[in-house]
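Following: one structure in structure tokens, then a few remarks.
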Amino acid sequence: MKISKKRLYLILGCVLVFYAVLAIAPAFAQDVTEAEYRAFPKIGSRNAAWIAAQLHLLFGSFILGVPMFAVIIEFIGWKTKDERYDRMAQEFIKLCMGAFSTTALLGGVLVFILIWCYPKVMSKLSGIFGPTMIFYVVLFFGETFTLYLYSYGWDKMQGRHKGWHLFLGVLLNVWGTAIMFVSNSWLSYQTSPATQYGVLSEGRRKSWIEEKLAADPSLTPETAMEGVTSHTMVPLHNETTGEFMGTLWDAVNNFTWMPVNIHRLVGNIAFGGSIVAAYAAFRFLVAKTKEDKAHYDWMGYTGNFIALCGLIPLPFLGYWLGREIYMFNNTMGINMMGSLFSWLFIIQAVMIGVLFIGANYYLWSGMGRIQGAEIYARYRPYMITVIIICVAIWMTPRTLSKISTASELSAMGGANHPHLGLFGLMTAKNTAVNIIILTTFLSFLFYRRSGKTPTASWQKVGNIAISSILFFATISIVVIGIVGFTVPTDLRVNVLTPYQVLVALAVMAVVTVVDIFMYRKATTSGTINWGEMTDRSQYVLILIAITFTSLMGLMGYARSGLREAWHIFGVMQDTSADAFTPLLSEAVNMVAIIMVAFFALVGFIFWLGLWGEKKKQASGAPAEAAVAAEGDD
Amino acid sequence: MKRPSLFTICLIILVGSWIFLKFVVGGIISVPIPGSVIAMYMGLIIIAILVHISVEDSLFREFRRPILETLVEDKRRLHRRVLVVLIPLLLLGYTYSIIAQRANPPGSPRDAHPSPPLELTYKDEVIGTMQDVVNPFRHYEKDDPEAFKAHVENGKRVYHQNCFYCHGDHLDGQGHFAPYLQPLPANFQDPGIIPNFQESFFFWRIAKGGPGLPAAGTPWDSAMPIWENTLTKDEIWDVILFLSDYTGYQFRTFGEAH
Numbered sequence: 027m028k029i030s031k032k033r034l035y036l037i038l039g040c041v042l043v044f045y046a047v048l049a050i051a052p053a054f055a056q057d058v059t060e061a062e063y064r065a066f067p068k069i070g071s072r073n074a075a076w077i078a079a080q081l082h083l084l085f086g087s088f089i090l091g092v093p094m095f096a097v098i099i100e101f102i103g104w105k106t107k108d109e110r111y112d113r114m115a116q117e118f119i120k121l122c123m124g125a126f127s128t129t130a131l132l133g134g135v136l137v138f139i140l141i142w143c144y145p146k147v148m149s150k151l152s153g154i155f156g157p158t159m160i161f162y163v164v165l166f167f168g169e170t171f172t173l174y175l176y177s178y179g180w181d182k183m184q185g186r187h188k189g190w191h192l193f194l195g196v197l198l199n200v201w202g203t204a205i206m207f208v209s210n211s212w213l214s215y216q217t218s219p220a221t222q223y224g225v226l227s228e229g230r231r232k233s234w235i236e237e238k239l240a241a242d243p244s245l246t247p248e249t250a251m252e253g254v255t256s257h258t259m260v261p262l263h264n265e266t267t268g269e270f271m272g273t274l275w276d277a278v279n280n281f282t283w284m285p286v287n288i289h290r291l292v293g294n295i296a297f298g299g300s301i302v303a304a305y306a307a308f309r310f311l312v313a314k315t316k317e318d319k320a321h322y323d324w325m326g327y328t329g330n331f332i333a334l335c336g337l338i339p340l341p342f343l344g345y346w347l348g349r350e351i352y353m354f355n356n357t358m359g360i361n362m363m364g365s366l367f368s369w370l371f372i373i374q375a376v377m378i379g380v381l382f383i384g385a386n387y388y389l390w391s392g393m394g395r396i397q398g399a400e401i402y403a404r405y406r407p408y409m410i411t412v413i414i415i416c417v418a419i420w421m422t423p424r425t426l427s428k429i430s431t432a433s434e435l436s437a438m439g440g441a442n443h444p445h446l447g448l449f450g451l452m453t454a455k456n457t458a459v460n461i462i463i464l465t466t467f468l469s470f471l472f473y474r475r476s477g478k479t480p481t482a483s484w485q486k487v488g489n490i491a492i493s494s495i496l497f498f499a500t501i502s503i504v505v506i507g508i509v510g511f512t513v514p515t516d517l518r519v520n521v522l523t524p525y526q527v528l529v530a531l532a533v534m535a536v537v538t539v540v541d542i543f544m545y546r547k548a549t550t551s552g553t554i555n556w557g558e559m560t561d562r563s564q565y566v567l568i569l570i571a572i573t574f575t576s577l578m579g580l581m582g583y584a585r586s587g588l589r590e591a592w593h594i595f596g597v598m599q600d601t602s603a604d605a606f607t608p609l610l611s612e613a614v615n616m617v618a619i620i621m622v623a624f625f626a627l628v629g630f631i632f633w634l635g636l637w638g639e640k641k642k643q644a645s646g647a648p649a650e651a652a653v654a655a656e657g658d659d
Numbered sequence: 232m233k234r235p236s237l238f239t240i241c242l243i244i245l246v247g248s249w250i251f252l253k254f255v256v257g258g259i260i261s262v263p264i265p266g267s268v269i270a271m272y273m274g275l276i277i278i279a280i281l282v283h284i285s286v287e288d289s290l291f292r293e294f295r296r297p298i299l300e301t302l303v304e305d306k307r308r309l310h311r312r313v314l315v316v317l318i319p320l321l322l323l324g325y326t327y328s329i330i331a332q333r334a335n336p337p338g339s340p341r342d343a344h345p346s347p348p349l350e351l352t353y354k355d356e357v358i359g360t361m362q363d364v365v366n367p368f369r370h371y372e373k374d375d376p377e378a379f380k381a382h383v384e385n386g387k388r389v390y391h392q393n394c395f396y397c398h399g400d401h402l403d404g405q406g407h408f409a410p411y412l413q414p415l416p417a418n419f420q421d422p423g424i425i426p427n428f429q430e431s432f433f434f435w436r437i438a439k440g441g442p443g444l445p446a447a448g449t450p451w452d453s454a455m456p457i458w459e460n461t462l463t464k465d466e467i468w469d470v471i472l473f474l475s476d477y478t479g480y481q482f483r484t485f486g487e488a489h
């Protein structure tokens with residue numbers, strides 16, 4: 027019997043809902059009157075919410091990230107009149123379509139779990155954010171229908187309608203970004219229910235001063251304002267009663283909202299790129315024809331390139347978010363980087379190390395399929411050495427007491443190694459990450475140049491200039507890092523570190539521009555033999571996607587766990603049975619389970635697509651994937 | 232001279248790195264590095280080697296050539312025999328080193344730094360939130376240098392009467408009692424101690440001592456006394472001024488956000 031794709035989805039959806047109902051059915055036997063919490067059967071409420079939220083977030087990240095670069099690729103295809111780009115962008119959106127309904131389904135599951143297990147918390151949050159929830163639904167409808175139009179109208183809106191189709195793509199991204207910003211306001215508010223005096227509503231300003239006067243009768247309206255600047259942190263709640271006193275905008279525009287927005291926005295691009303690359307890698311590995319191999323090799327390369335573009339600014343944006351968390355609450359900051367969650371950041375360093383090593387490995391492997399790339403191979407051992415040293419610095423813990431024996435601690439004279447302990451400080455780690463980024467950029471530069479011979483008359487001067495820029499930039503990044511040990515932290519965080527980042531970003535921008543001009547009329551001395559990649563390089567793409575997924579899970583645990591025993595930090599305490607911070611090992615296990623579940627679901631969805639394609643091929647329809655990618659990069 | 236094979240070069244790098252970390256960095260240049268950290272670095276070096284040899288098929292073939300030759304070629308029969316004896320011996324030695332270890336208790340599982348409470352208190356008096364409280368005498372540094380100097384002098388006196396037995400006369404955690412304490416007293420000369428914390432954090436640690444450390448992240452095993460039972464509030468603030476004045480490090484402050 028022939029089952030259509032849509033019907034299969036419907037059956038699958040019904041089965042999942044049925045199982046979900048069966049799973050939570052026993053919970054309905056609990057007391058439903060005025061309950062603050064209800065326990066989710068078997069695995070507990072927190073774990074249930076954790077799994078649903080993280081899976082929803084991973085799928086959400088994918089479907090928000092992919093359209094961002096799909097529309098750019100479509101635009102490139104339109105401008106260059108190269109249909110291969112257009113087809114690849116379309117293929118990306120098809121992947122998105124497959125994942126879209128699952129994202130919505132998981133969102134629904136999450137809402138049900140939260141409403142059932144945490145009624146009081148949800149009541150409090152919906153009391154404050156109610157209007158944004160309605161807005162969210164409107165946005166969701168906008169996103170859904172725009173995606174349908176964008177995807178199903180792809181073939182119809184070619185030619186003179188292409189401009190309108192691109193407009194739909196941009197609109198899709200506007201909806202998607204707005205959806206994420208709205209939902210980010212809820213969770214960032216839970217972490218930082220406060221904002222700065224300068225951006226506070228007039229009403230909350232007044233009520234806050236009234237609270238101060240009521241708490242201390244010796245104050246006058248003038249003296250109460252002493253020391254208050256536009257940057258003074260003001261809670262959005264009455265500090266005695268816990269009643270919300272701000273406006274909706276105060277709650278949305280809470281202190282960590284924008285850093286979370288930007289971090290996630292760029293993270294989505296990196297994550298989307300990595301999943302697309304992993305998909306392409308899988309298709310490459312199972313491909314039977316040369317054309318398919320070539321196509322999926324090209325697709326994997328593009329996905330990895332996009333992931334790299336997103337990955338490069340991510341450490342800086344994460345650093346900004348961390349800085350804002352310290353600014354919001356120093357205790358929370360110390361918990362994050364120096365206390366309860368500090369070992370998580372060592373794991374993070376290991377995983378980001380894997381990402382950068384993997385991305386470089388893939389680029390170096392890719393040079394193997396370009397004739398004329400051999401001349402750059404001699405630099406590779408040095409680049410590997412630099413990256414490994416920097417990763418070693420990044421993952422060296424500051425405090426070694428947990429991983430040392432008593433005699434080792436005595437020999438070191440304490441929990442910090444007198445020399446290696448310096449690598450545990452942020453100034454060393456920031457220096458290391460900047461140099462990793464520059465080295466990765468250099469790998470990409472070599473990749474770009476492979477098989478090409480510049481014809482510009484000033485190529486010698488250009489090469490000397492590029493080498494000098496990179497050399498002096500590295501020296502200045504290291505010097506800034508060393509100076510960072512000697513200056514007050516405030517100066518380091520707010521001046522030196524941003525300057526280090528600016529040096530790295532400026533160098534990449536300048537060198538790229540010089541390189542583009544130098545190689546503008548370059549002669550091609552060797553072609554790229556798409557499809558002639560090693561299988562190992564494809565497994566690396568899959569590893570990168572797995573690492574991204576695990577990293578997002580772990581850092582999600584950190585962001586959420588930082589609240590400790592609070593649903594809303596400092597306002598609404600968690601008095602449930604789960605009001606404890608799970609062990610790191612427990613969190614890692616949970617993240618691993620979620621990661622496996624995510625890949626199982628994604629694999630299944632992609633397999634369905636593949637199945638449909640095979641059916642089409644079998645019935646004589648032209649294979650869409652049979653696009654030979656040849657020529658340039 | 233015949234150029235060594237890629238396999239031999241990789242082996243030399245691996246063994247050389249271990250010797251460098253264990254005996255050069257951990258012996259000549261600095262104090263010993265914990266085994267776990269050396270293992271972590273060695274893991275990275277192995278990854279670097281694997282990356283290098285597997286990027287290109289030709290390199291991979293070159294790397295495994297001596298291994299294959301040793302396994303199959305007649306002229307390498309002696310090598311094989313040596314390996315057949317050597318590998319079990321190495322495993323035996325490793326097993327022995329694990330089993331025959333002297334009792335060596337693990338280090339403290341404590342967190343790097345304790346989490347401070349949201350509110351700073353002295354005995355039962357609430358001073359303010361940990362985030363906002365500043366040293367009341369810090370402003371003298373600019374406003375009245377003479378008064379500031381007097382507070383630093385007082386801090387120095389308090390320090391040498393109470394703190395230096397453990398934290399040392401150079402504030403480096405090497406006081407007379409230090410060798411008998413685990414964990415060791417804080418080393419204020421370390422660039423990662425004073426610059427990472429606000430003065431309010433130091434006030435909390437001094438005032439509440441070891442017994443006042445939070446329930447999370449235990450066991451702390453800190454021998455630090457509860458100094459609010461002995462010192463006045465002003466004396467604690469003065470000691471804090473002395474710590475930064477003597478070491479030259481400035482406490483963590485927060486600039487403007489965004």
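One line per chain: the protein sequences are E and W, in this order.
Be aware that the first sequence starts at 27, since it is given in our numbering, and climbs by one per residue.
Be aware that the second sequence starts at 232, since it is given in our numbering, and climbs by one per residue.
No residue lacks a Cβ here, since even glycine has one placed at the ideal position from N, Cα and C.
None of the values given here were measured: they were computed from a predicted structure.
Straight-line gap, residue i to residue j (C-alpha atoms, nearest Å)
i, j, result
"E/Phe-171", "E/Gly-189", "18 Å"
"E/Val-43", "E/Phe-543", "57 Å"
"W/Gly-441", "W/Ser-431", "16 Å"
"E/Pro-648", "E/Ile-568", "Summary for E/Pro-648: the model assigns pLDDT 41, below 50, so the residue's position carries little reliability; its value from the coordinates is reported in the next sentence. Each residue's Cα considered, the two are about 28 Å apart."
"E/Phe-606", "E/Leu-588", "11 Å"
"W/Gln-413", "W/Thr-478", "24 Å"
"E/Asp-108", "E/Tyr-473", "22 Å"
"E/Pro-339", "E/Arg-546", "27 Å"
The alpha helix (DSSP H) enclosing residue i, as first and last residue numbers
i, result
"E/Gly-224", "No alpha helix (DSSP H) holds E/Gly-224; DSSP gives it neither H nor E."
"W/Ile-358", "Per DSSP, W/Ile-358 belongs to no alpha helix (DSSP H); it is in the beta strand (DSSP E), 356-360."
"E/Leu-194", "188-217"
"E/Leu-528", "523-544"
"W/Leu-237", "237-250"
"E/Thr-357", "356-363"
"E/Leu-245", "That residue, E/Leu-245, is in no alpha helix (DSSP H); it is neither H nor E in DSSP."
"E/Thr-315", "Unbroken run through E/Thr-315: none, as it is neither H nor E."
Boundaries of the beta strand (DSSP E) in which residue i is found, first to last residue
i, result
"E/Met-259", "259-261"
"W/Ile-318", "Run containing W/Ile-318: none in the beta strand (DSSP E); it sits in the alpha helix (DSSP H), 308-330."
"W/Asn-407", "The residue you asked about is not Asn; residue 407 of chain W is His in the sequence shown. W/His-407 -> no beta strand (DSSP E), and no H or E assigned at all."
"E/Ile-594", "592-594"
Residue i and residue j closer than 7 Å at C-beta
i, j, result
"E/Lys-486", "E/Thr-550", "no"
"E/Ile-77", "E/Ile-620", "yes"
"E/Gly-329", "E/Val-286", "no"
"W/Gly-404", "W/Leu-415", "yes"
"E/Leu-496", "E/Ile-506", "no"
"E/Phe-367", "E/Ala-584", "yes"
"E/Thr-221", "E/Asn-294", "no"
"W/Val-383", "W/Asp-476", "yes"
"W/Val-286", "E/Trp-556", "no"
inquiry  = Against chain E, which members of the region 279-291 of chain W pass a CB distance test of less than 8 Å?
reply    = The residues in question are Ala-279, Val-282, His-283, Ser-285, Val-286, Glu-287, Asp-288.
Stretch-stretch touch, CB-based, cutoff 8 Å, three pairs: the region 423-433 of chain E with the region 443-454 of chain E = Touching, per the Cβ criterion.
query = Between the region 259-279 of chain W and chain E, which residues of the former have CB atoms less than 8 Å from a CB of the latter, in chain order?
reply = Flagged, chain order: Ile-260, Ser-261, Val-262, Pro-263, Ile-264, Pro-265, Gly-266, Ser-267, Val-268, Met-271, Tyr-272, Leu-275, Ile-276, Ile-278, Ala-279.
request  = With 7 Å as the C-beta to C-beta threshold (strictly closer), list the residues of the region 505-520 of chain E near chain W in chain order.
outcome  = From the region 505-520 of chain E, only Phe-511, Pro-514, Thr-515, Asp-516, Asn-520 have a Cβ closer than 7 Å to chain W.
ask   = Any residues in the region 311-336 of chain W with a beta carbon nearer than 7 Å to a beta carbon of chain E? Which ones, in chain order?
value = Going along the region 311-336 of chain W in chain order, one finds Asn-335, Pro-336 with a Cβ nearer than 7 Å to chain E.
query = In the region 417-437 of chain W, which residues sit with their C-beta less than 7 Å from some C-beta in chain E, listed in chain order?
reply = Here the close residues are Asn-418, Asp-421, Pro-422, Gly-423, Pro-426, Asn-427, Gln-429.
Interface positions of the region 533-564 of chain E facing chain W (Cβ-Cβ less than 8 Å), listed along the chain = Those would be Thr-560, Arg-562, in chain order.
Contact between the region 586-605 of chain E and the region 311-322 of chain E (3+ Cβ pairs under 8 Å) = Here the region 586-605 of chain E does not lie against the region 311-322 of chain E, with fewer than 3 beta-carbon pairs under 8 Å apart.
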